[in-house]
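See structure below.
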């Protein structure tokens, strides 16, 4: 009789545990989201000074007063509401600078959206100015359809759009609206 009661208790406990085990589905993600509003970032970083390295050599240095981490969203991103300053160093350690009032990096698409007083100054003193610029990290490609001013040693070109690889070796101002040749 005791053995039968013991077996019944064992069977009940086993059924209870199996039921609980199979009823838990993706609860870890739900626990992670507890206490976080859908409109709130999962993290906030202030006074960022982030250095990227490749083979022990600094290749980029990102500075920003504030970063908001929204990687908890279905379409994850990081937002820099107070802008960025980015220094990029080439193989010869020559520095190019990227500045914008606002930036957002979309993780899923590897796209960076720079907005507000965007200025890129290359190591060879070419300067691009625009109000918005996109950078495709996978293709290493810069583009915009907004008005731009592109300056080199000899030319200042105004237009409505810009298209180039990240090294500016094939930079093209689209829909040119003005062209000035600077003489020494």
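In the numbering used here, the protein residues as written are 41 to 224. Glycine is no exception: its CB is placed at the ideal position from the N, C-alpha and C atoms.
Note down the Cα distance separating residue i from residue j, rounded to an integer number of angstroms.
{"i": "residue 95", "j": "residue 170", "result": "33 Å"}
{"i": "residue 216", "j": "residue 187", "result": "9 Å"}
{"i": "residue 97", "j": "residue 119", "result": "27 Å"}
{"i": "residue 176", "j": "residue 86", "result": "25 Å"}
{"i": "residue 100", "j": "residue 132", "result": "13 Å"}
{"i": "residue 223", "j": "residue 191", "result": "13 Å"}
{"i": "residue 144", "j": "residue 194", "result": "33 Å"}
{"i": "residue 134", "j": "residue 91", "result": "16 Å"}
{"i": "residue 155", "j": "residue 172", "result": "4 Å"}
{"i": "residue 157", "j": "residue 185", "result": "15 Å"}
State yes or no: is the C-beta of residue i within less than 8 Å of the C-beta of residue j?
{"i": "residue 124", "j": "residue 151", "result": "no"}
{"i": "residue 183", "j": "residue 203", "result": "yes"}
{"i": "residue 116", "j": "residue 142", "result": "no"}
{"i": "residue 197", "j": "residue 219", "result": "yes"}
{"i": "residue 180", "j": "residue 205", "result": "yes"}
Once you ignore the five residues that flank residue i on each side, which residues in its own chain have a CB closer than 6 Å to its CB?
{"i": "residue 139", "result": "125, 159"}
{"i": "residue 89", "result": "103"}
Near residue i, which residues of its chain fall below 8 Å by C-beta distance, leaving aside the five closest residues on each side in sequence?
{"i": "residue 82", "result": "76, 109, 110, 111, 112"}
{"i": "residue 137", "result": "125, 126, 127, 128, 159, 160, 161"}
{"i": "residue 105", "result": "86, 87, 88, 122, 123"}
{"i": "residue 84", "result": "106, 107, 108, 109"}
Considering only the alpha carbon of each residue, which of the options lies closest to residue i?
{"i": "residue 162", "options": "84, 107, 209, 215", "result": "209"}
{"i": "residue 149", "options": "178, 99, 221", "result": "178"}
{"i": "residue 213", "options": "222, 166, 146, 180", "result": "166"}
{"i": "residue 80", "options": "88, 92, 107", "result": "107"}
{"i": "residue 207", "options": "168, 157, 84, 147", "result": "168"}
{"i": "residue 147", "options": "221, 84, 114, 93", "result": "114"}
{"i": "residue 164", "options": "185, 84, 130, 189", "result": "130"}
Apart from the five residues on each side of it in sequence, which residues of its chain come closer than 7 Å, Cβ to Cβ, to residue i?
{"i": "residue 221", "result": "194, 195"}
**OP:** Within the stretch 100–155, note down every full beta strand (DSSP E) run reaching 3 residues or more, in order along the chain.
**Re:** 117–120, 124–129, 135–140, 142–146
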